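Q: Residue numbers (my numbering), protein chains in the order written: chain R, 1 to 107; chain S, 108 to 365; chain D, 366 to 523.
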Amino acid sequence: MARTLINAPSTARRGEIIEIRATIGHPMETGFRTGEDGKVLPRNIIQTFSCRYNGELVFSAELFSAVSANPYIAFHTLATESGTLVLSWEGDNGFSQAESIQLAVTA
Amino acid sequence: MTRILVCLLLSLSLGNACAQNTAGKDRRRSGFEDMGAATQAMQKDDALNPGMLWVQDGEALWKQPAGASGKACLSCHAAAQSSMRGVAARYPAFDAGLGRPITLGQRINQCRQQHQQAAPLRPESQELLGLEAYVALQSRGLPLAPPDDARLEPFRQRGQQLFMQRIGQLNLSCAQCHDGLPGKRLAGNVIPEAHPTGYPVYRLEWQAMGSLQRRLRGCMSGVRAEPFAYGAQELVELELYLKIRAKGMAMEAPGVRP
Amino acid sequence: MTLPLHPPALPRRRHILVGATGLAMGVVLRPAYAAAGDLAVAVAAYTQGAPVRAGKVKLDIAELVDNGNVVPITVTVDSPMTAADHVKSIAVFNEKNPQRDVARFTLGPRAGKASVATRIRLATSQQLVAVAQMSDGSYWSHTANVIVTLAACIEGDP
Numbered sequence: 001m002a003r004t005l006i007n008a009p010s011t012a013r014r015g016e017i018i019e020i021r022a023t024i025g026h027p028m029e030t031g032f033r034t035g036e037d038g039k040v041l042p043r044n045i046i047q048t049f050s051c052r053y054n055g056e057l058v059f060s061a062e063l064f065s066a067v068s069a070n071p072y073i074a075f076h077t078l079a080t081e082s083g084t085l086v087l088s089w090e091g092d093n094g095f096s097q098a099e100s101i102q103l104a105v106t107a
Numbered sequence: 108m109t110r111i112l113v114c115l116l117l118s119l120s121l122g123n124a125c126a127q128n129t130a131g132k133d134r135r136r137s138g139f140e141d142m143g144a145a146t147q148a149m150q151k152d153d154a155l156n157p158g159m160l161w162v163q164d165g166e167a168l169w170k171q172p173a174g175a176s177g178k179a180c181l182s183c184h185a186a187a188q189s190s191m192r193g194v195a196a197r198y199p200a201f202d203a204g205l206g207r208p209i210t211l212g213q214r215i216n217q218c219r220q221q222h223q224q225a226a227p228l229r230p231e232s233q234e235l236l237g238l239e240a241y242v243a244l245q246s247r248g249l250p251l252a253p254p255d256d257a258r259l260e261p262f263r264q265r266g267q268q269l270f271m272q273r274i275g276q277l278n279l280s281c282a283q284c285h286d287g288l289p290g291k292r293l294a295g296n297v298i299p300e301a302h303p304t305g306y307p308v309y310r311l312e313w314q315a316m317g318s319l320q321r322r323l324r325g326c327m328s329g330v331r332a333e334p335f336a337y338g339a340q341e342l343v344e345l346e347l348y349l350k351i352r353a354k355g356m357a358m359e360a361p362g363v364r365p
Numbered sequence: 366m367t368l369p370l371h372p373p374a375l376p377r378r379r380h381i382l383v384g385a386t387g388l389a390m391g392v393v394l395r396p397a398y399a400a401a402g403d404l405a406v407a408v409a410a411y412t413q414g415a416p417v418r419a420g421k422v423k424l425d426i427a428e429l430v431d432n433g434n435v436v437p438i439t440v441t442v443d444s445p446m447t448a449a450d451h452v453k454s455i456a457v458f459n460e461k462n463p464q465r466d467v468a469r470f471t472l473g474p475r476a477g478k479a480s481v482a483t484r485i486r487l488a489t490s491q492q493l494v495a496v497a498q499m500s501d502g503s504y505w506s507h508t509a510n511v512i513v514t515l516a517a518c519i520e521g522d523p
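1. Any beta carbon from chain D within less than 8 Å of residue 74 of chain R's own beta carbon?
2. In whole angstroms, give me the CA-to-CA distance for residue 44 of chain R and residue 7 of chain R.
3. What residues of chain S sit near residue 68 of chain R, judged by a beta carbon separation below 7 Å?
4. Assuming residue 290 of chain S contacts residue 357 of chain S (C-beta within less than 8 Å), just tell me the rounded distance between them.
5. Can you pull the chain D residues whose beta carbon is under 8 Å from the beta carbon of residue 71 of chain R, in chain order?
6. Excluding the 5 residues flanking residue 296 of chain S on each side, which residues of the same chain have their C-beta closer than 7 Å to its C-beta?
7. Between the stretch 24-36 of chain R and the stretch 439-446 of chain D, can you find at least three pairs of beta-carbon atoms closer than 8 Å?
8. Taking the alpha-carbon of residue 463 of chain D as reference, which of R:65, R:19, R:57, R:91 has the nearest alpha-carbon?
9. Does the contact criterion of 3 or more C-beta pairs under 8 Å hold for the stretch 458-477 of chain D versus the stretch 487-505 of chain D?
10. Taking the beta strand (DSSP E) that residue 499 of chain D belongs to, which residues open and close that run?
11. Quick one: what's got a C-beta closer than 6 Å to residue 202 of chain S's C-beta in the same chain, skipping five residues either side?
12. Find the nearest neighbour of residue 19 of chain R within the set R:90, R:25, R:59, judged by alpha-carbon distance.
13. What are the residues in the stretch 7-20 of chain R lying within 7 Å of chain D by C-beta distance?
14. Chain S beta carbons: is any one of them nearer than 8 Å to that of residue 427 of chain D?
15. From the DSSP output, in three-state form, read off residue 80 of chain R for me.
16. Answer yes or no: does any C-beta atom of chain R fall closer than 8 Å to that of residue 459 of chain D?
17. Please identify the residue among S:233, S:360, S:361, S:350 whose C-alpha is closest to the C-alpha of residue 197 of chain S.
18. Could you tell me which residues DSSP pairs with residue 362 of chain S in its beta bridges?
19. Where residue 476 of chain D and residue 17 of chain R are concerned, what is the direct C-alpha to C-alpha distance, given to the nearest angstrom?
20. Do you know offhand how far residue 51 of chain R's Cα is from residue 471 of chain D's?
21. On the DSSP bridge list, what partners appear for residue 63 of chain R?
22. By Cβ distance, which residues of its chain are closer than 7 Å to residue 262 of chain S, with the 5 residues on each side in sequence left out?
23. Report the option in S:321, S:272, S:293, S:255 whose CA atom is closest to the CA atom of residue 337 of chain S.
24. Can you tell which of D:511, D:430, D:403 has its C-alpha closest to the C-alpha of residue 311 of chain S?
25. Helix, strand or coil for residue 334 of chain S? Go by DSSP, reduced to three states.
26. Can you pull out the residues from the stretch 417-446 of chain D whose beta carbon lies closer than 9 Å to at least one beta carbon of chain R?
27. Curious, which full-length alpha helix (DSSP H) runs of at least 4 residues does the stretch 249-326 of chain S contain?
28. Less than 8 Å between the C-beta atoms of residue 154 of chain S and residue 21 of chain R, yes or no?
29. Buried or exposed: which applies to residue 324 of chain S, given that a residue is buried once 16 or more other Cβ atoms fall within 10 Å of its Cβ?
30. Please classify residue 478 of chain D: does DSSP put it in a helix, a strand, or coil?
31. From residue 86 of chain R to residue 285 of chain S, what distance separates their C-alpha atoms?
32. With 16 other CB atoms within 10 Å as the buried threshold, where does residue 186 of chain S fall?
33. Which residues in the same chain have their Cβ closer than 6 Å to the Cβ of residue 138 of chain S, if we skip the five residues on either side of it in sequence?
34. From R:11, R:3, R:5, pick the residue whose C-alpha is nearest to that of residue 107 of chain R; which is it?
35. Give me the chain D residues within the contact set of residue 62 of chain R, using Cβ-Cβ distance strictly less than 7 Å, ordered along the chain.
36. Could you pull the start and end residues of the beta strand (DSSP E) that residue 507 of chain D belongs to?
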């Protein structure tokens, strides 16, 4: 399980725009570097990130080798109702991880 | 005679970076001040600081039983927020048993071996950096306070000698750049005064967390010198000298640096 | 043990260092020019040939980065983000990395605000383009010129 650092409010008013900032520990090996033996180090990156709010996809990102290691993504979403936001990362070598955060939305 | 000359030279060159005179304000600059706004923002906000990934690791490891003892750091030290407050600021400290100063990382491993009957953690390993980062965080904002211990003096002197000594194919000493030319640039990077206030540090060049020892070894490679091995006495002495030179400056761990 | 992370493969360091040490390191904003070559092709592929207008998009990035391995960027698009008028996606392209794509973000009215941030790798000084695809099918962009210098010293293994 990769380490994650997720920063998001736990409560919001309905209609408020909240910011979610998420970092995940991952080397994001570009696939362009060569090792000591002169052979190219195979690519190993996180390719997709998504945020599902009570099951509905509200944001997604496609990442390429140009994204730094321990990728950081900040985005916004409208607080519509209380529930769970699931942040998922998928990548090379079958990498797959999901983290859930709770959001309480008041009137 | 040479000794007097060396001492004079030392105090003269020390004057540059260690402008902490009693009359005026402290003119020493942390590497933080030499960074761009975006990098500074990364350090200032825990939500943005990648070093916090390692702090999280340390926090988890603190509570995890280790070795044959089945004890965790928590078992003896309770909450790190109280027991570890100010501790990182006081390292390197003199270890009576070994008769020499040791770094925080070495102390952590010593604890593991002696009190937890656990294997020491590898230098620069995620676990050791995690624990170092977690402990160092408990000193954030506190002034660097290397112990006022007379037993450290010969080691501090050796550290100072190492700092002043030219090394490598490029034949440069730490002092030439960091005492003599701070604020100027070396191929696009601003030369800092080299105060270890942010360690362990998330270095953008590494895209990872690393210790002061890693940074010192990197500098040595940079001047084409054979770097001292991890845990080498010389690296501890250098660290001791640097911390005394930076005495009183606020700790910033986990820092972010270019 | 994590792999040593060196900067991405680049033209010979020595030549760049020789060139760089002589330069005044003041920031020089080169005048914006139309994206050339590969970069234009990559943008055209994203827009499927549709015209791209400068405006509405703001690509926030330091003019002189501290380190090309980790460059914070923020892309903000001026849009009400309503069901009728919103940003569908934002794509960021570069000029001189081994690969033109940097990242693509899919938004929509639920985003509330069209503002995304991440940290990227830049191999050398170059142009960066952020293109936004709007719900009405139009494309808008902002181009930034960034100065990237190599780290002063080459390190061995950690």
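Just so you know, even glycine gets a beta-carbon here, dropped at the ideal spot from N, CA and C.
Computed from a predicted model, the values in this text were never measured in an experiment.
A: So, from the listed chains and residues:
1. Closer than 8 Å to some Cβ of chain D, the Cβ of residue 74 of chain R qualifies, so yes.
2. Per the coordinates, the alpha-carbon of residue 44 of chain R lies some 25 Å from the alpha-carbon of residue 7 of chain R.
3. Result: 314.
4. Between residue 290 of chain S and residue 357 of chain S a beta carbon distance of about 20 Å is seen, past the 8 Å cut, so the two are scored as non-contacting.
5. Residues of chain D with a Cβ closer than 8 Å to the Cβ of residue 71 of chain R are, in chain order, 483, 484.
6. Contacts found: 365.
7. The stretch 439-446 of chain D is not in contact with the stretch 24-36 of chain R.
8. The shortest Cα separation from residue 463 of chain D among R:65, R:19, R:57, R:91 belongs to R:65.
9. Yes, the stretch 458-477 of chain D touches the stretch 487-505 of chain D.
10. Per DSSP, residue 499 of chain D is one residue of the beta strand (DSSP E) stretching across 491-499.
11. Here residue 202 of chain S has 209 as same chain residues with Cβ atoms under 6 Å from its own Cβ, once five neighbours each way along the sequence are excluded.
12. For residue 19 of chain R, the nearest C-alpha among the options comes from R:59.
13. Answer in chain order: 17.
14. Residue-level contact check: residue 427 of chain D touches chain S, since one or more beta carbons of chain S fall below 8 Å from its beta carbon.
15. Here residue 80 of chain R sits in coil by DSSP.
16. Output row for residue 459 of chain D: interface = yes.
17. When only C-alpha atoms are compared, the closest one is S:350.
18. Bridge partners of residue 362 of chain S: S:308.
19. Per the coordinates, the alpha-carbon of residue 476 of chain D lies some 8 Å from the alpha-carbon of residue 17 of chain R.
20. For residue 51 of chain R and residue 471 of chain D, the distance between alpha carbons rounds to 11 Å.
21. According to DSSP, which records beta bridges pairwise, residue 63 of chain R is partnered with D:468.
22. A distance below 7 Å between beta-carbons, with the five flanking residues on each side excluded, links residue 262 of chain S to the following residues of its chain, in chain order: 207, 208, 344, 347.
23. Closest option to residue 337 of chain S, Cα to Cα, is S:321.
24. Of the candidates D:511, D:430, D:403, the residue whose Cα lies closest to the Cα of residue 311 of chain S is D:430.
25. Three-state DSSP puts residue 334 of chain S in coil, outside helix and strand.
26. Correct list: 434, 435, 436, 437, 439, 446.
27. Runs of the alpha helix (DSSP H) inside the stretch 249-326 of chain S: 260-271, 281-285.
28. The beta carbons of residue 154 of chain S and residue 21 of chain R sit closer together than 8 Å.
29. Here residue 324 of chain S is buried. Its C-beta has 16 or more other C-beta atoms within 10 Å.
30. Taken through DSSP and simplified to helix, strand or coil, residue 478 of chain D comes out as coil.
31. So the two alpha carbons sit approximately 47 Å from each other.
32. Classification for residue 186 of chain S: exposed.
33. Excluding residues within five positions, the ones whose Cβ falls inside 6 Å are 299, 364.
34. For the residues R:11, R:3, R:5, the minimum Cα distance to residue 107 of chain R belongs to R:11.
35. Under a criterion of Cβ atoms nearer than 7 Å, the residues of chain D adjacent to residue 62 of chain R are, in order, 468, 469.
36. According to the DSSP assignment, residue 507 of chain D belongs to the beta strand (DSSP E) that extends over 504-511.
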